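The sequence shown begins at 34 in my numbering and counts up one residue at a time.
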Amino acid sequence: MSRKNKSGVALLVAACILVITSASAFARPLSTAGEAVVRIVTQVQKADYEGDRSALERLYGELTPFTGNKEFAARVFYWRGFALWRKALNGFNENVDKRDLEHDLHQAAEEFEKSASVDPAFVDSKIALGSCFGLLAYAVGKKDAAEQQALIAKSRQAISDAKAAAPDNPRLLWVLGPVYWNTPPDRGGGQARAMEVYEKGLETIRIHKNATSDPLDPSWGEPELLMSLAWSNLNRTTPDLDAAEQNARSALARVPYWHYVRDILVPQIQAAKAKQGGKS
34 MSRKNKSGVA
44 LLVAACILVI
54 TSASAFARPL
64 STAGEAVVRI
74 VTQVQKADYE
84 GDRSALERLY
94 GELTPFTGNK
104 EFAARVFYWR
114 GFALWRKALN
124 GFNENVDKRD
134 LEHDLHQAAE
144 EFEKSASVDP
154 AFVDSKIALG
164 SCFGLLAYAV
174 GKKDAAEQQA
184 LIAKSRQAIS
194 DAKAAAPDNP
204 RLLWVLGPVY
214 WNTPPDRGGG
224 QARAMEVYEK
234 GLETIRIHKN
244 ATSDPLDPSW
254 GEPELLMSLA
264 WSNLNRTTPD
274 LDAAEQNARS
284 ALARVPYWHY
294 VRDILVPQIQ
304 AAKAKQGGKS
């Protein structure tokens, strides 16, 4: 499988790093433990964008001592799951054994389930859980029919719960985009529909920017949605390479060190433009 296809698998089946405001900017003061968690989460975000899978594994472990803190256990479980979710997604861009990816996704799903159990109203854990089960069903290793259907059912239930609670959540829309991309137009999907969903996510996140008052609540989405639009414009039936490059550059303007966009996606777009130019 080509590198392009490998990187596309993670985008198309899943469904990123989060931008978290410094603790001092929030009205609710953080405890010493809370400040430590915020520092680790910030490092998780950075490692994700950098594609540093070993750091994500290490930081997952560094959050372990805080899982028993009732004040923010749901968020700690979320970020532990996030570290492994992103470790797996970054692994699709490398020659990582699918058994390792599968292990990471199973463990990430367990963390998200714990998060949702502690705080059933925390929608983002359900969004990520749906993505993990979707990846397990389609992207890593062969499954027998019964196992695959069970994973699909779990993914659909998690996404359905998230939709019912927060249908316009931009991270939910980011995860749903690939689902629409892979769904035929006569069943409500298609490439145009997927891109509409990404655009809606961008509009929503820009309107509600800085709406969260908790530094451990996820607020990511804008760079990721821009990246997905770039990928979509590159891979649509009739590519729009200028739009793809503009979207990718906009994502990099927000996260200049994003490994996937800077080192993989942008070169793919440039190669496509060079090939297109050679045919003209």
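Idealized CB from N, CA, C, for every residue including glycine.
Computed from a predicted model, the values in this text were never measured in an experiment.
Worksheet entry | Nearest to residue 16 (by Cα), restricted to the options 107, 138, 272 and 133 | Only positions 34 to 313 of the chain appear in this structure, which leaves residue 16 out of reach.
Discussion item. Using only the alpha-carbon positions, how far apart do residue 27 and residue 178 sit?
Written reply: What is shown of the chain runs 34 to 313, which leaves residue 27 out entirely.
Worksheet entry | Local conformation of residue 49 per DSSP, three classes | Per-residue confidence for residue 49 stands at a pLDDT of 36, beneath the threshold of 50, marking its modelled position as unreliable; the derived number appears in the next sentence. DSSP places residue 49 in coil when its eight states are reduced to three.
Worksheet entry | residue 203: first and last residue of the uninterrupted alpha helix (DSSP H) it sits in | 203–214
Item to complete: Assuming residue 238 contacts residue 289 (C-beta within less than 8 Å), just tell me the rounded distance between them.
Response: Going by Cβ atoms, the distance from residue 238 to residue 289 rounds to 19 Å, so no, they are not a contact pair.
Worksheet item: Does the distance from the CB of residue 207 to the CB of residue 234 come in under 7 Å?
Response: yes
Practice prompt. Determine the direct distance from the alpha carbon of residue 311 to that of residue 137, and round the result to whole angstroms.
Written response: 42 Å
Worksheet entry | residue 241 in three-state terms, based on DSSP | coil
Worksheet item: Is the segment 216–230 touching the segment 192–203 in the sense that three or more CB pairs, one from each, lie closer than 8 Å?
Response: no
Discussion item. Residues in the same chain with beta-carbon distance under 8 Å from residue 295, minus the five sequence neighbours each way, listed in chain order, please.
Written reply: 285 and 289
Item to complete: Please confirm whether residue 141 and residue 118 have their CB atoms less than 7 Å apart.
Response: yes
Practice prompt. Specify whether the segment 295–304 and the segment 266–284 touch according to this definition: at least 3 beta carbon pairs, one from each stretch, less than 8 Å apart.
Written response: yes
Fill in: Cβ neighbour criterion (16 or more within 10 Å) applied to residue 307
exposed
Worksheet item: Would residue 78 be called buried (16 or more neighbouring beta carbons within 10 Å of its own) or exposed?
Response: buried
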